[in-house]
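**Q** A single structure is presented below for examination.
Numbering (the working numbering), first residue to last: 1 to 133.
Structure (structure tokens):
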């Protein structure tokens, strides 16, 4: 029966990560729409920053490969790269916070569980390697 529901058909058109998050957090259709809008706005805001970062990283790479790289230019590029990374991080954090505002307390708890799991995820292979998992 669920395979033929309107929501199931609508979810087929969504990317798999969106469907997973929607199901895991048990989002309403309205919340799913907000999630998509937040992602689109975030990506649109990040696109010019990413392009600038890429250009600055290429310029720095080329500069450092030259026989006598100019330290002032290299320093300026490093500062611009760091500023772009900070700006991109702020945009990503703001988008996540704006999405989190529409969640119910139970949904926030599930999201927090995932965030905590992400912090320990790098340790899992180590524990597996020594036979503790």
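For each residue, glycine too, the CB sits at the ideal point set by N, CA and C. Fair warning: this is a prediction, and the values are worked out from it, not measured in the lab.
1. So, are the CB atoms of residue 46 and residue 91 less than 8 Å apart?
2. Beta-carbon within less than 8 Å of residue 60's beta-carbon, same chain only, minus the 5 sequence neighbours each way: which residues are those?
3. For the pair the region 91-100 and the region 33-49, tell me if three or more CB-CB distances fall below 8 Å.
4. Just the Cα atoms here: how many angstroms apart are residue 32 and residue 22?
5. For a quick check, are the C-beta atoms of residue 110 and residue 20 less than 8 Å apart?
6. Any idea if residue 131 is buried or exposed, counting beta-carbon neighbours within 10 angstroms, 16 or more meaning buried?
7. Ignore the nearest five residues each way along the sequence and tell me which others in residue 114's own chain have a CB closer than 8 Å to its CB.
8. Quick one: Cα of residue 62 to Cα of residue 112, how far?
**A** On the basis of the supplied data:
1. yes
2. 74, 77, 78 and 81
3. yes
4. 6 Å
5. no
6. exposed
7. 24
8. 42 Å
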